[in-house]
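Student:
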Amino acid sequence: MRITDVTVDLVDLPAQPPFRWRAGLPGSEGPVTGGILRVHTDAGLIGEAHTRRGVIVADLVRRRIRDDLIGRDPLWRELLWQRLWELDRIEELPIYALGLVDVALWDLAGKAANLPVHQLLGTYRDAIPAYASTVTFSCVEEYLDVADQCLAAGYTAIKLHAWGDARADADLCQKLRAHVGDGVPLMYDGSAGFDLADAVYVGEALAEAGYVWYEEPMREFSVTAYRWLAERVTIPLLVAETSDGAHMNVADFIQAGAAGRVRTSAQYKGGITGAMRIAHLAESFQLRAEVHGSGIVNAHLCMAIPNTSYYESLVFTNPVVREAAVDPDGMVRAPSAPGIGYDTGRY
């Protein structure tokens, strides 16, 4: 079997529900031009991967990626993953584009084997609990109301995205703990909004309130800054969400003693191959590799990675609407269609 073409079909994606993130970050997007990357073969099998950045990905495929892949065996995923890293040296590929070909190749391999991708990876579980991952709401009272709705909808854990104000965010986190009690796992995501001093302040409040993890409080350019933070707070830091370099960069966080847990994902870590590399790296140090983001590709990862805890399910609105992939009992079930299964309609 050989690759005969790599294409990107541009598609108009609808506007997201109106929402916002912390101060300084854009929130919901209007209509965007997405893309479906497809790897075509002489056997008639086609693997695909989806992106919300279709125009940029289409340009990269046309100029760099397509010609490098044509004629190669699509089942040589490791070689082709390494090829994309070589092209990254020239293009500085956007982090969201680096793993798209890899996802498409896993989709193709699953279709060839007539198995869902998580079974090709080696299934560890067939269901996983989802946590409700909030957007940014207006006030403490609204967050408490949203939390009540999330728990009533079946979610058993909640992660906050707040305002990016260290004092206000710390106060919110402690009030939410008092509101839901000690039995509900809570997490907090700083969305890289703080410097070291403010990150320490929030971290101390989270530790006092018994939060499970403290995610991306600072930009992830400086591993040293994260080491200093880890030395000053007791709450586990969840690191390497958006940092470049996949497993190589994650290794630096771990070696520095800055990682209480690490992030992995298909979107930001070089596709499925890169995400699994990070999971195995973390496991060798007895660390958890928490899968970042929702969607069916990450659901496959959640089923295959033993050292992960939850599926991340975004809550965009108040009133709360539970994601279709999450059952009323708060669980996400393993995809069953061959390949990725984009057309199943649940994700």
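Each residue of the sequence shown is one higher than the one before, counting from 0 in numbering that gives the first Met the number 0.
Here a beta-carbon is modelled for each residue, glycine too, at the ideal position from N, C-alpha and C.
Quick caveat: nothing in here was measured; it's all calculated off a predicted structure.
#1: Measure the C-alpha to C-alpha separation of E90 and G269 and round it to an integer number of angstroms.
#2: Since T272 is in the alpha helix (DSSP H), which residue starts that stretch and which ends it?
#3: In chain order, what residues of the same chain have a beta carbon less than 7 Å from the beta carbon of L199, not counting five sequence neighbours either side?
#4: Run through the segment 26–80 for me and flag every whole alpha helix (DSSP H) of 4 or more residues, listed as ranges in chain order.
#5: Which term fits E140, buried or exposed, when burial requires 16 or more other beta carbons within 10 angstroms of its beta carbon?
#6: Helix or strand or just coil, what does DSSP make of Y309?
#7: When the Cβ atoms of the segment 147–155 are set against those of the segment 202–219, are three or more pairs found closer than 8 Å?
#8: Quick check: the segment 94–106 against the segment 42–60, are there 3 or more CB pairs under 8 Å?
#9: Under the three-state reduction of DSSP, which class applies to D328: helix, strand or coil?
#10: In chain order, what residues of the same chain lie with their CB nearer than 6 Å to the CB of S27, ignoring the 5 residues before and after it?
#11: Going along the chain, which residues of its own chain have a beta-carbon closer than 8 Å to the beta-carbon of D243, five neighbours each way excluded?
#12: So what does DSSP say about T133, is it helix, strand or coil?
#13: Take the Cβ of L36 as the centre, count every other Cβ of all protein chains shown within 10 Å, and call the residue buried at 16 or more, exposed below.
#14: With M186 as the anchor, note down where its beta strand (DSSP E) starts and where it stops.
#15: In the segment 147–208, which residue ranges form an unbroken alpha helix (DSSP H) of at least 4 residues, counting only runs that do not cross its ends?
#16: Mark E77 as exposed unless 16 or more other C-beta atoms lie within 10 angstroms of its C-beta, in which case mark it buried.
#17: Return the residue from the list A42, R88 and D87 that minimises the CA-CA distance to D72.
#18: Give me the DSSP bridge partner(s) of T316.
#19: With distance defined between alpha-carbon atoms, name the residue in D8, L44 and T40 nearest to G34.
#20: By alpha-carbon positions, which one of T155, R124 and Y142 ends up nearest to D170?
#21: Hey, would you say the C-beta of L79 is under 7 Å away from at least one heavy atom of the ligand FAD?
#22: From R21 to N317, what distance separates their C-alpha atoms?
#23: As a quick exercise: from A131, M0, P115 and D168, pick the residue whose alpha carbon is nearest that of T343.
#24: What's the call for T307, buried or exposed, on a 16-neighbour Cβ count within 10 Å?
#25: Just the Cα atoms here: how many angstroms apart are Q173 and A208?
Tutor: So, from the listed chains and residues:
#1: Here residue 90 corresponds to residue number 91 of the sequence shown, with the count starting at 1. Here residue 269 corresponds to residue number 270 of the sequence shown, with the count starting at 1. Here the alpha carbon of E90 sits roughly 15 Å from the alpha carbon of G269.
#2: Walking along the sequence shown from the start, residue 272 turns up at place 273. Bounds of the alpha helix (DSSP H) holding T272 are G270 to S283.
#3: Within the sequence shown, residue 199 is the residue found at index 200, counting from 1. One point to set straight first is that residue 199 is Val, not Leu, in the sequence displayed. Here the set comprises L228, R231 and V232.
#4: For the segment 26–80, whole alpha helix (DSSP H) runs of length 4 or above, ordered along the chain, are 53–59 and 65–68.
#5: Position 141 of the sequence shown, counted from the start, is the residue given in the question as residue 140. Counting Cβ neighbours within 10 Å, E140 comes out exposed, since fewer than 16 surround it.
#6: Numbered from its first residue, the sequence shown carries residue 309 at position 310. Annotated three-state conformation of Y309 is coil, per DSSP.
#7: The segment 147–155 makes no contact with the segment 202–219; the number of CB pairs closer than 8 Å stays below 3.
#8: Yes, they touch.
#9: On the sequence shown, residue 328 is found 329 positions in, with the first residue counted as 1. Coil, per DSSP.
#10: Mapped onto the sequence shown, residue 27 falls at position 28. The answer, listed in chain order, is Q15, P17 and F18.
#11: Within the sequence shown, the letter at position 244 stands for residue 243. Excluding residues within five positions, the ones whose Cβ falls inside 8 Å are I94.
#12: In the sequence shown, the residue the question calls residue 133 occupies position 134. T133 falls in the strand class under three-state DSSP.
#13: Along the sequence shown, read from residue 1 onward, the residue named residue 36 stands at position 37. Buried: at least 16 other Cβ atoms inside 10 Å.
#14: As a first step, residue 186 is located in the sequence shown; it is residue number 187 there, counting from the start. Segment L185 to D188, the beta strand (DSSP E) holding M186.
#15: Segments of the alpha helix (DSSP H) lying fully in the segment 147–208: 165–179 and 195–208.
#16: Taking the sequence shown and counting its residues from 1, the one referred to as residue 77 is at position 78. Exposed: under 16 other Cβ atoms inside 10 Å.
#17: Indexing the sequence shown from 1 puts residue 72 at position 73. Measuring from the Cα of D72, the nearest candidate turns out to be A42.
#18: In the sequence shown, counting from the first residue as 1, residue 316 sits at position 317. Its beta-bridge partners do not exist; DSSP assigns none.
#19: Here the question's residue 34 lines up with position 35 in the sequence shown. Closest by alpha carbon: D8.
#20: Start at 1 with the first residue of the sequence shown, and residue 170 comes out as number 171. Ranked by Cα distance from D170, the options T155, R124 and Y142 are led by Y142.
#21: This structure simply doesn't include the ligand FAD, nor any ligand for that matter.
#22: On the sequence shown, residue 21 is found 22 positions in, with the first residue counted as 1. On the sequence shown, residue 317 is found 318 positions in, with the first residue counted as 1. Rounded to whole angstroms, R21 to N317 spans 17 Å at the Cα level.
#23: As a working note, residue 343 is residue 344 in the sequence shown. When only C-alpha atoms are compared, the closest one is P115.
#24: As a working note, residue 307 is residue 308 in the sequence shown. Answer is buried; the Cβ neighbour count reaches 16.
#25: The residue labelled residue 173 in the question sits at position 174 within the sequence shown. The residue labelled residue 208 in the question sits at position 209 within the sequence shown. Their backbone Cα atoms lie some 6 Å apart in a straight line.
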